[in-house]
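K.L.:
The listed protein sequences correspond, in order, to chains D and A.
Count the first sequence with this note's numbering and you get residues 1 to 106, in order.
Count the second sequence with this note's numbering and you get residues 107 to 279, in order.
Quick one: the structure is below, and I'll ask about it shortly.
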Amino acid sequence: MLPKLGALLPFARYQVEGESMSPALSPRERVVVNKAAYWFSKPRPGDLVVVRDPRRPDRLLIKRIDSEAGPDGWLVLGDNPQSSTDSRHFGPVGRELIVGKVWFRY
Amino acid sequence: MKSLLRSSLRLIDRLSPPETVSAHCDIPCGIYDPHVAQIGAQTVVRMNQLISDLGDAPGPGDQAKSAAWHNSLSRYIAVKEEHAELVKQEVRIIWGDYFKPEHLEKAPDLHTNVWNIMKLAGKNRQEVNMQAAEDLLAAVQTFAEAFWTSKGASVQRQPSRQAVGGESVYPAP
């Protein structure tokens, strides 16, 4: 019941797994993501975002927007490049793969 | 206010856990080897041999002997469990991460082979059964051959030179 209801809401809860965003986000930390953040504005460099892995869209990643790449693509990078799988591996991510912007931690 | 929000969200999390977002590295390092699975299957065969060699439980008269017998049996069972599970894990990783659809042309029975390995490994955990252990080893060796063949290597079987006896599959030099 709850997950179905949650899908309708403009925000979602996630739990971070892995080290690629530390110290900004530590493993097991939980965040609320604003899914409406980019309805009326574009992602900006520095934004923390949840994106779908373009190679495996069922997998969610948390990364930082690096720069705009082309009309509708953005490069996303982990804060710790040596322990991150990101746009260096899978290229720019399209708007449709960006789930939302990290709003706050809890 | 902030802590009220936090505790409410934590409460919701308990009812419906948040999805995980991955901030880790999955380096596709491309290093796979079915040898660990083969050693796992050989270990399962070996544990069946040792359990069989153990013979009947000593009578209740000699407590020290009885304790030693039960201790050995428990250890053989524990190692059999562990290695049957290791086989499943190793084979799953190679099957899921390494094999690509194009490999199936050369190994059309791969999925059935993997399925058999999962079933046989489960059977070997449940039972003391030498036939099932030998079947598991044979299935894992078929898997190892499919793996090396997919890399263009030819495969050779050599005496295992292990206490378990039998053969091991290696890529030809």
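We put the beta carbon where it would ideally sit given N, CA and C, even for glycine.
(1) Nearest-angstrom Cα distance between E188 (chain A) and S67 (chain D)?
(2) What residues in the segment 60–76 of chain D bring their beta carbon closer than 7 Å to a beta carbon of chain A?
(3) Quick check: what's the CA-CA separation for R44 (chain D) versus M21 (chain D)?
(4) Kindly indicate which residue of D:P81, D:S83, D:S87 has the alpha-carbon position closest to the one of L75 (chain D).
(5) Show which residues of chain A have a CB atom less than 8 Å away from the CB atom of G91 (chain D).
(6) In this structure, how does DSSP classify W103 (chain D) when only helix, strand and coil are distinguished?
(7) Counting only C-beta atoms, is E125 (chain A) closer than 8 Å to chain D at any point?
(8) Would you check if the distance between the CB atom of L115 (chain A) and the CB atom of Y106 (chain D) is smaller than 8 Å?
(9) Does the distance from the CB of K186 (chain A) to the CB of V150 (chain A) come in under 8 Å?
(10) Pull up the DSSP beta-bridge partners for R56 (chain D), would you.
(11) State whether the segment 165–181 of chain A contacts the segment 111–127 of chain A, with contact taken as three or more CB pairs (one from each stretch) at a distance under 8 Å.
(12) Going along chain D, which residues have a C-beta under 7 Å from R112 (chain A)?
(13) Taking only beta carbons into account, state which residues of the segment 10–27 of chain D come closer than 7 Å to chain A, listed in chain order.
(14) Work out the CA separation of L25 (chain D) and S128 (chain A) for me, nearest whole Å.
(15) Output the distance between the C-alpha atoms of H141 (chain A) and A190 (chain A), rounded to the nearest integer angstrom.
(16) Would you call I145 (chain A) buried or exposed, if buried means 16 or more other Cβ atoms sit within 10 Å of its Cβ?
(17) Please report the residue range of the alpha helix (DSSP H) in which N280 (chain A) lies.
(18) From the DSSP secondary-structure annotation, give me the bridge partner or partners of T126 (chain A).
(19) Since K35 (chain D) and G100 (chain D) should fall inside the 8 Å C-beta cutoff, what is the C-beta to C-beta distance between them, to a whole number of angstroms?
(20) Around the C-beta of S260 (chain A), are 16 or more other C-beta atoms found within 10 angstroms, so that it is buried, or is it exposed?
(21) Which residue from D:P81, D:S41, D:V50, D:K42 puts its Cα closest to that of V16 (chain D)?
(22) Kindly indicate the opening and closing residues of the alpha helix (DSSP H) around W175 (chain A).
(23) Would you kindly work out how many angstroms separate the C-alpha atoms of D53 (chain D) and L179 (chain A), rounded to a whole number?
(24) Could you list which residues in chain D have their beta carbon closer than 9 Å to that of S128 (chain A), in chain order?
P.N.:
With the structure as the only source:
(1) On the second sequence, position 82 is the one that residue 188 (chain A) refers to. On the first sequence, position 67 is the one that residue 67 (chain D) refers to. When only Cα atoms are considered, E188 (chain A) and S67 (chain D) end up about 48 Å apart.
(2) Against chain A - using a Cβ distance shorter than 7 Å - the residues of the segment 60–76 of chain D are L60, L61, I62.
(3) Taking the first residue of the first sequence as position 1, residue 44 (chain D) is located at position 44. Taking the first residue of the first sequence as position 1, residue 21 (chain D) is located at position 21. So the two alpha carbons sit approximately 17 Å from each other.
(4) For the purposes of this step, residue 75 (chain D) is taken as the residue at position 75 of the first sequence. Of D:P81, D:S83, D:S87, the residue nearest in Cα terms is D:S87.
(5) As a first step, residue 91 (chain D) must be located in the first sequence, where it is residue number 91. Going along chain A, no residue has its Cβ under 8 Å from G91 (chain D), so there is no contact; the nearest lies around 15 Å.
(6) For the purposes of this step, residue 103 (chain D) is taken as the residue at position 103 of the first sequence. Collapsing the DSSP output to three states places W103 (chain D) in a strand.
(7) Taking the second sequence and counting its residues from 1, the one referred to as residue 125 (chain A) is at position 19. Yes, E125 (chain A) counts as interfacial toward chain D.
(8) Translated into positions along the second sequence, residue 115 (chain A) becomes position 9. Translated into positions along the first sequence, residue 106 (chain D) becomes position 106. With contacts defined as CB atoms closer than 8 Å, L115 (chain A) and Y106 (chain D) qualify as a contacting pair.
(9) If you number the second sequence from 1, residue 186 (chain A) lands on position 80. If you number the second sequence from 1, residue 150 (chain A) lands on position 44. Yes, Cβ-Cβ distance for K186 (chain A) and V150 (chain A) is below 8 Å.
(10) Numbered from 1 along the first sequence, position 56 holds the residue referred to as residue 56 (chain D). Bridge partners of R56 (chain D): D:D53.
(11) No, they do not touch.
(12) Stepping through the second sequence from its first residue, residue 112 (chain A) is reached at position 6. Within 7 Å Cβ-Cβ: Y106.
(13) From the segment 10–27 of chain D, only R13, Y14, Q15, V16, E17, G18, E19, S20, M21, L25 have a Cβ closer than 7 Å to chain A.
(14) Locating residue 128 (chain A) in the second sequence gives position 22, counting from the first residue. Locating residue 25 (chain D) in the first sequence gives position 25, counting from the first residue. Their backbone Cα atoms lie some 11 Å apart in a straight line.
(15) Residue mapping note: residue 141 (chain A) aligns to position 35 of the second sequence, counting from 1. Residue mapping note: residue 190 (chain A) aligns to position 84 of the second sequence, counting from 1. About 14 Å.
(16) Residue 145 (chain A) sits at position 39 when you count from the first residue of the second sequence. Around the beta carbon of I145 (chain A), 16 or more other beta carbons sit within 10 angstroms, so the residue counts as buried.
(17) This structure gives no information on residue 280 (chain A), because the portion of chain A shown stretches from 107 to 279.
(18) The count along the second sequence starts at 1 and reaches residue 126 (chain A) at position 20. Answer by DSSP bridge pairing, in chain order: D:Q15.
(19) Within the first sequence, the letter at position 35 stands for residue 35 (chain D). Within the first sequence, the letter at position 100 stands for residue 100 (chain D). Indeed, because the Cβ distance is near 4 Å, the residues count as touching under 8 Å.
(20) Residue numbering aside, residue 260 (chain A) sits at position 154 when the second sequence is read from its first letter. So S260 (chain A) ends up on the exposed side.
(21) Counting from 1 along the first sequence, the entry for residue 16 (chain D) is found at position 16. The candidate whose alpha carbon is nearest that of V16 (chain D) is D:V50.
(22) Within the second sequence, residue 175 (chain A) is the residue found at index 69, counting from 1. Its alpha helix (DSSP H) spans residues 169–199.
(23) In the first sequence, residue 53 (chain D) corresponds to position 53, counting from 1. In the second sequence, residue 179 (chain A) corresponds to position 73, counting from 1. Using only the alpha carbons, I get a separation of about 48 Å.
(24) Your numbering for residue 128 (chain A) matches position 22 in the second sequence. Within 9 Å Cβ-Cβ: V16, E17, G18, S20, D53, R59, L60, L61, I62, T85.
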